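Note that our numbering gives residue 1479 to position 634 of the sequence shown, counting from 1, and the numbers run on in steps of one. Every residue, glycine too, gets a C-beta built ideally from N, C-alpha and C. Predicted, not measured: the structure shown is a model, and the values here were computed from it.
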Amino acid sequence: MSRTKAGSPPDPRGKERFNEERAAYTVASAQPDLEAGITAIRETVKVLKPKPGVYRMLDTRGDVLYVGKARSLKARVANYTQVKGLSNRLQRMISQTRRMEIVTTNSEAEALLLEAQLIKRYRPPFNVLLRDDKSFPFILLRADHTFPRIQKHRGARKAKGNYYGPFASAGSVNKTLNALQKLFLLRSCTDSFFNNRDRPCLLYQIKRCSAPCVGRIDQQGYDSLVREAKDFLGGKSSVVQAQIEKQMAKAAADLDFETAAILRDRLRAATFIQGSQAINAQGVGDADVFALAAKGGQVGVQAFFIRGGQNWGHRTFYPRNTGDLDLAEVLSDVLLQFYEEVPPPRTILVDRELIEQELVAEALAEKAGHAVAISIPQRGTRRKLMEQAQRNAVEALDRRLAESGTKAKILRELAEFLELEDVPQRIEVYDNSHIQGDKALGAMAVASPEGFEKGQYRKFNIKTAQTNDDFGMMREVMERRFRNLAENPDGDTGKKNSHETVWPDLVLIDGGKGQMSSVRDTLEEMGIEDVPLIAIAKGPHHGREGREVFHFPDGREKTLPVNSPLLFYLQTLRDEVHRYAIGAHRAKRSRAITASPLDEIPGIGPSRKRALLLHFGTAGKVRAAALEDLQRAPGISEGVAQQIYDFYHAGG
846 MSRTKAGSPP DPRGKERFNE ERAAYTVASA QPDLEAGITA IRETVKVLKP KPGVYRMLDT
906 RGDVLYVGKA RSLKARVANY TQVKGLSNRL QRMISQTRRM EIVTTNSEAE ALLLEAQLIK
966 RYRPPFNVLL RDDKSFPFIL LRADHTFPRI QKHRGARKAK GNYYGPFASA GSVNKTLNAL
1026 QKLFLLRSCT DSFFNNRDRP CLLYQIKRCS APCVGRIDQQ GYDSLVREAK DFLGGKSSVV
1086 QAQIEKQMAK AAADLDFETA AILRDRLRAA TFIQGSQAIN AQGVGDADVF ALAAKGGQVG
1146 VQAFFIRGGQ NWGHRTFYPR NTGDLDLAEV LSDVLLQFYE EVPPPRTILV DRELIEQELV
1206 AEALAEKAGH AVAISIPQRG TRRKLMEQAQ RNAVEALDRR LAESGTKAKI LRELAEFLEL
1266 EDVPQRIEVY DNSHIQGDKA LGAMAVASPE GFEKGQYRKF NIKTAQTNDD FGMMREVMER
1326 RFRNLAENPD GDTGKKNSHE TVWPDLVLID GGKGQMSSVR DTLEEMGIED VPLIAIAKGP
1386 HHGREGREVF HFPDGREKTL PVNSPLLFYL QTLRDEVHRY AIGAHRAKRS RAITASPLDE
1446 IPGIGPSRKR ALLLHFGTAG KVRAAALEDL QRAPGISEGV AQQIYDFYHA GG
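Here it is as structure tokens:
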């Protein structure tokens, strides 16, 4: 999706809503300097007006340090020059600030929404960050076909139809979807599969589809099933169950036992959906429930998703950079960032009064297109829901703290085992993937004490290494990964990509002695000698008795006990980069299968390629075509035709 200069999604009123200004004053020093930061902020304040908007604080490289919103930009930004009243955290931020960028808006609610967008985009280190790598799944009942399809959906909601969600996980949506197929017998196949059937598929045989593709149900009957599905997902489950019970009783009275058995199975599916919900939310309607717990310097936010009085799962979030912030402010930031990806329901239940609660509700209502009420439940079912969410939040945070303690212990053992000076904070894991040297690529996965940092993974398309030369491939990967850092050892490469500006604390290689020697020699040639290296290779026995062997740069080898938690952790790192490399290689092969020789012609996009193939039949005939024939092809201008002809006849 294209974005505006301010980083916000395109808006038909974009020019009216947002007006971005950039302060020209820049201090060159990259070292923390409180006076330099205050000076840069004061220069910005001079050109500000008392209007609502969003401001960004940037360091000397242009990286965003903080995103904030204000009812009056001039007054809010001016507060940062009074450092005596600011916390140590804010003083550290100001000492790194060298420039500011400003976006004015029409209202404070718009500023609040834009602030959340920019935080999600830039992930500044001084903002509260809602770290959630996966989008939420929905159930989609499509409306672009005579016989609508029911399916799981992630991502942008572009398809026409009814969306039901969010569900907390793919597992919860898959279970619900399977039960819904048994309950309503709606098709789940693609349109192309549907259009080419001449007999029912297996789903019809196992009573999970009514087979509209071959006329086993007519249009009127299928429309009735669709209406029932919409009622059930919209909160009228008891009405739907009563209708099915009535139909089953009538079929049994008419001695139509086969139909009665089908209706009985549908009724069981409805009971399963409701019985699988551990939370009683009858009468709540559409609502999200949020409860916060804080302990040991960490914060956990438990969210329950209730739609139509049905529990569609729960998830715990662990926001970053909460520091010394008020917990009500943390919860406000979590809500705004969460609803950047998910449509807000009409009711949001929270366990405490939010900072600027009315403003948050106004901003979410503007985004949703309907009224949004934020409240603290006091009695009844809603209060019981909140108490359960609070218990879950505390228990989830306790488990995370226990896991963090275990992870910290493992990392200390890792530092001791690999003879590192400190516990590694950034571990980079490398692997290659290819088939007989074809479509070769390298992969880098990144792990931190908090888990895998999937946003920093990187793929390397192998360009120079010889076919089947694993060692050469690893050399190329290392050269490309560390080239900029070798030239700029302070990390100031002029680039914002974190994998090119941050030194790893440990490099883990999937391989043996050969890969270790290749990486070690490559880094030494680049003048890099202080990056800890280790290679992990399978031992002589690859079965249950086998042990991984760890190769050190000096030629030493070590092993770990078979039941060692540290061994399991290192195997997990190795398996993750292997998974990532295999997936990237599979995607690369898939793209190559559908590639066309016409892709090599500069300026020929998908539409022109399609027009040429429809006109000539094959890429070979395009190559052999005369200039006059190319000019007669639909959608191909004389200039483009000349370009295609010249590409294939460069030698005259």
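Practice prompt. Could you please give the first and the last residue of the uninterrupted beta strand (DSSP E) stretch that includes residue 887?
Written response: First-last for residue 887: 879-890, but that is the alpha helix (DSSP H), not the beta strand (DSSP E).
Discussion item. If I measure Cβ to Cβ from residue 1097 and keep anything under 7 Å in the same chain, skipping five residues before and after, which residues do I get?
Written reply: 1105
Discussion item. Which of the three DSSP states is assigned to residue 1066 in this structure?
Written reply: Correct three-state label for residue 1066: helix.
Discussion item. Quick check: the Cα distance between residue 877 and residue 904, rounded to an integer number of angstroms?
Written reply: 9 Å
Discussion item. Please tell me whether residue 1216 has its Cβ less than 8 Å away from any Cβ of chain D.
Written reply: The structure shown contains no chain D; it holds only a single protein chain.
Discussion item. Under 8 Å, with one C-beta from each stretch per pair, do the region 1137-1150 and the region 1240-1252 reach the 3-pair mark?
Written reply: Yes, since at least three Cβ pairs between the region 1137-1150 and the region 1240-1252 fall closer than 8 Å, the two stretches touch.
Worksheet item: Since residue 1205 is in the alpha helix (DSSP H), which residue starts that stretch and which ends it?
Response: 1202-1213
Worksheet item: What is the C-beta distance between residue 1069 and residue 1061, in whole angstroms, given that I count them as a contact (C-beta under 8 Å)?
Response: Their Cβ separation, rounded to whole angstroms, is 14 Å, which puts residue 1069 and residue 1061 out of contact at 8 Å.
Fill in: Sequence ranges, beta strand (DSSP E) only - wholly within the region 1128-1184, length at least 3
1132-1140, 1143-1152, 1155-1162, all fully within the region 1128-1184.
Discussion item. Quick check: what's the CA-CA separation for residue 1357 versus residue 1376?
Written reply: 18 Å
Worksheet item: If you count every other CB in all the chains shown that lies within 10 Å of the CB of residue 895, and 16 or more means buried, which is it?
Response: exposed
Worksheet item: By the 10 Å Cβ neighbour count, where 16 or more other Cβ atoms means buried, how is residue 1218 classified, buried or exposed?
Response: Around the CB of residue 1218, fewer than 16 other CB atoms lie within 10 Å, so the residue is classed as exposed.
Discussion item. Tell me which residues share the same chain as residue 1341 and place their Cβ nearer than 8 Å to its Cβ, disregarding the 5 neighbours each side in the sequence.
Written reply: No answer about residue 1341 holds up, because its pLDDT of 47 lies below 50 and its placement is not dependable.
Worksheet entry | Those runs of the beta strand (DSSP E) which lie wholly inside the region 1295-1334 and span at least 3 residues | 1303-1306
Practice prompt. Taking residue 1459 as part of the alpha helix (DSSP H), name the residues at either end of that continuous run.
Written response: Counted as a single uninterrupted DSSP element, the alpha helix (DSSP H) harbouring residue 1459 occupies residues 1451-1461.
Worksheet item: Looking only at its own chain, which residues have a Cβ that is under 7 Å from the Cβ of residue 1494, when we skip the five neighbours before and after it?
Response: none
Practice prompt. Find the nearest neighbour of residue 1113 within the set 1155, 1028, 1161, judged by alpha-carbon distance.
Written response: 1028
Item to complete: Since I believe residue 1393 is in contact with residue 1360 (beta carbons under 8 Å), could you give me their beta-carbon distance rounded to a whole number of angstroms?
Response: That belief does not hold up - the Cβ atoms of residue 1360 and residue 1393 are roughly 14 Å apart, past 8 Å.
Worksheet item: By DSSP, does residue 1363 sit in helix, in strand, or in coil?
Response: In the structure shown, residue 1363 falls within a helical segment according to DSSP collapsed to helix, strand and coil.
Worksheet item: Straight-line CA distance for residue 1238 to residue 1147?
Response: 5 Å
Worksheet item: Where residue 881 and residue 911 are concerned, what is the direct C-alpha to C-alpha distance, given to the nearest angstrom?
Response: 17 Å
Discussion item. Using a 10 Å radius around the Cβ and a threshold of 16 neighbouring Cβ atoms, would you call residue 1223 buried or exposed?
Written reply: exposed
Worksheet item: Is the Cβ-Cβ distance between residue 1349 and residue 1271 less than 8 Å?
Response: yes
Worksheet item: Excluding the five sequence neighbours on either side, which residues of its own chain have a C-beta within less than 6 Å of the C-beta of residue 1161, listed in chain order?
Response: 1145, 1147, 1241
Worksheet item: Which residues bound the alpha helix (DSSP H) around residue 965?
Response: Here the alpha helix (DSSP H) through residue 965 covers 953-967.
Worksheet item: Among the residues of its own chain, which have a CB less than 8 Å from the CB of residue 1022, if the five just before and after it don't count?
Response: 984, 995, 996, 997, 1033
Item to complete: Just confirm the distance between the C-beta atoms of residue 1181 and residue 1220, as a whole number of angstroms; I'd bet it's less than 8 Å.
Response: At roughly 17 Å, the Cβ-Cβ gap does not stay under 8 Å, so residue 1181 and residue 1220 are not in contact.
Worksheet entry | Span separating the alpha-carbon of residue 971 from that of residue 933 | Residue 971 and residue 933: Cα-Cα distance of roughly 12 Å.
Worksheet item: Taking Cβ positions, are residue 1049 and residue 1255 nearer each other than 8 Å?
Response: No, the Cβ-Cβ distance between residue 1049 and residue 1255 is not below 8 Å.
Discussion item. Tell me which residues share the same chain as residue 1093 and place their Cβ nearer than 7 Å to its Cβ, disregarding the 5 neighbours each side in the sequence.
Written reply: 1105, 1108, 1109, 1112
Worksheet entry | Alpha-carbon spacing of residue 1389 relative to residue 1396, whole angstroms | With a pLDDT of 44 at residue 1389, under the threshold of 50, the modelled position of that residue is not reliable, and no figure is offered here.
Discussion item. Looking only at its chain, what residues have a beta carbon closer than 6 Å to the beta carbon of residue 1419, apart from the 5 residues adjacent to it on each side?
Written reply: 1355, 1381
Worksheet entry | Helix, strand or coil at residue 1379 according to DSSP, with G and I counted as helix | strand
Worksheet item: Would DSSP call residue 1423 helix, strand or coil?
Response: helix
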